[in-house]
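**Student:** In our numbering, the protein residues as written are 4 to 364.
A virtual CB, placed ideally from N, CA and C, is assigned to each residue, including glycine.
Values in this document were obtained by computation on a predicted structure and should not be read as measured data.
1. Just how far apart, CA to CA, sit residue 352 and residue 359?
2. CA-CA distance, residue 261 and residue 129?
3. Taking only three categories from DSSP, how would you classify residue 262?
4. Using three-state DSSP, classify residue 34 as helix, strand or coil.
5. Between residue 354 and residue 218, what straight-line distance do the alpha-carbon atoms span, to the nearest angstrom?
6. Grab the span of the alpha helix (DSSP H) containing residue 166 for me, first residue to last.
7. When burial is assigned at 16 or more other CB atoms within 10 Å of the CB, is residue 350 buried or exposed?
8. Less than 7 Å separating the beta-carbons of residue 297 and residue 236?
9. Can you give the Cα-Cα distance for residue 138 and residue 169, rounded to whole angstroms?
10. Could you pull the start and end residues of the alpha helix (DSSP H) that residue 214 belongs to?
11. Using the C-alpha atoms, what's the distance from residue 162 back to residue 153?
12. Whole angstroms are fine: how far does the CA of residue 264 sit from the CA of residue 145?
13. Does the count of Cβ pairs from the region 110-122 and the region 177-184 closer than 8 Å reach three?
14. Specify whether the region 201-208 and the region 339-348 touch according to this definition: at least 3 beta carbon pairs, one from each stretch, less than 8 Å apart.
15. Can you give the Cα-Cα distance for residue 102 and residue 109, rounded to whole angstroms?
16. Would you say residue 148 and residue 97 are within 7 Å of each other, going by their C-beta atoms?
17. Taking the alpha-carbon positions, what's the residue 302 to residue 294 distance?
18. How long is the line joining the alpha carbons of residue 95 and residue 36, rounded to whole angstroms?
19. Grab me the residues of residue 67's own chain with a C-beta within less than 7 Å of its C-beta, minus the 5 sequence neighbours each way, in chain order.
20. Apart from the five residues just before and just after residue 40, which ones in its own chain have a Cβ nearer than 8 Å to its Cβ?
21. Kindly indicate which three-state DSSP category residue 91 falls into: helix, strand or coil?
22. Tell me whether residue 337 sits in a helix, a strand or coil according to DSSP, three-state version.
23. Please name the residue, chosen from 216, 194, 258, that lies closest to residue 227 on a Cα-to-Cα basis.
24. Is it buried or exposed, residue 191, if we count other Cβ atoms within 10 angstroms and call 16 or more buried?
25. So, at 7 Å on beta carbons, what are the nonlocal neighbours of residue 271 in its own chain, with the 5 sequence-adjacent residues on each side left out?
26. DSSP on residue 287, reduced to helix/strand/coil?
27. What's the C-alpha gap between residue 223 and residue 159?
28. Exposed or buried, what is residue 306 when buried is set at 16 or more other beta-carbons lying within 10 Å of its beta-carbon?
29. Indicate whether residue 335 and residue 266 have their beta-carbon atoms separated by less than 7 Å.
30. Give the straight-line distance between the Cα atoms of residue 20 and residue 177, rounded to the nearest whole angstrom.
31. Go through its chain and collect everything with a Cβ distance to residue 345's Cβ below 6 Å, but skip five positions before and after it.
32. So is residue 82 buried or exposed if we call it buried at 16+ other beta carbons inside 10 Å?
33. CB-CB under 8 Å to residue 216, same chain, minus the five flanking residues each way: which ones, in chain order?
34. By how many angstroms is the C-alpha of residue 348 removed from the C-alpha of residue 132?
35. Taking all protein chains shown into account, decide if residue 124 is buried (16 or more other Cβ within 10 angstroms of its Cβ) or exposed.
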């Protein structure tokens, strides 16, 4: 209110009446969405009345800026009590700044103070963002608002850097979380979510100056998926220790160790469906050879198991080892009909090939 008192003080009775009307109007401005539009409307009305009363028709620039800044600060503090996504937290704040910045431009004022408020709000919002699937949608919204408020003005380097660092922080955190939880067939969809964010990053990489090769990051993601699967399968193919008898343990339904060798063959062949795609065989030749080798070992394992089965269908235990009483039942998986299905083990490699094709075109 002390800032608003600067707007009060007329020399004539008519001027004092104008100031009183202005005071009442300013007190009614809510600290929420739409306040900038109302403040601008009041300022325009004040200028019109002051001009007709032979009063100085130009409201002091510092006063209107201070009034806007105070109301905006209160709005920001309210919005960040429980920060949401960009649409519910950042957009309402940015819209107020855009409204006021456009009014400043119409009056020929310098917009630096408003841009400074925008940068502060942007940095504060970026710090609250969490590594959840879909975070790039919020980043795109932020970029759109940046373009609106900056207009022809070049975005400063600090703002670009803050946005760039936030994108990579969220991506690597999301990737680490999904890789860590890639422990079974149900978790294959998680890697697809990471790929979706990486694809969205690739669309804005050049404009934002992200300083990283998105194609290389995509390739590393596919390599990690194949590497994890091959490592687990190699552990399953190793002959069991003859020092201790086999112990049947309860296997979680989402654990890869619950897969039979027949289903392991389906997993590898799902990825190898892309072996004739140029983008795949040129970048994953070593992985293709490794998976082919594992498939040969799996085939040999299946042949040995079928030979050792008796008429009842129970495999004979290795020499010197007891047959487990409660052998865990191996899980069976159904391969989706299309590679575009996120549940398909070849989906991630398919998305990589599609991404590289789009980049080339």
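**Tutor:** Working from what's here:
1. 11 Å
2. 41 Å
3. strand
4. coil
5. 11 Å
6. 160-183
7. buried
8. yes
9. 10 Å
10. It is not in any alpha helix (DSSP H) - residue 214 carries neither H nor E in the DSSP assignment.
11. 11 Å
12. 48 Å
13. no
14. no
15. 11 Å
16. yes
17. 12 Å
18. 6 Å
19. 46
20. 102
21. coil
22. coil
23. 194
24. buried
25. 294, 297, 298
26. coil
27. 32 Å
28. exposed
29. yes
30. Caution is warranted here: a pLDDT of 49 is assigned to residue 20, below 50, making its placement in the model unreliable, and the coordinate value is therefore given only provisionally. Rounded to whole angstroms, residue 20 to residue 177 spans 60 Å at the Cα level.
31. 192, 195
32. buried
33. none
34. 30 Å
35. buried
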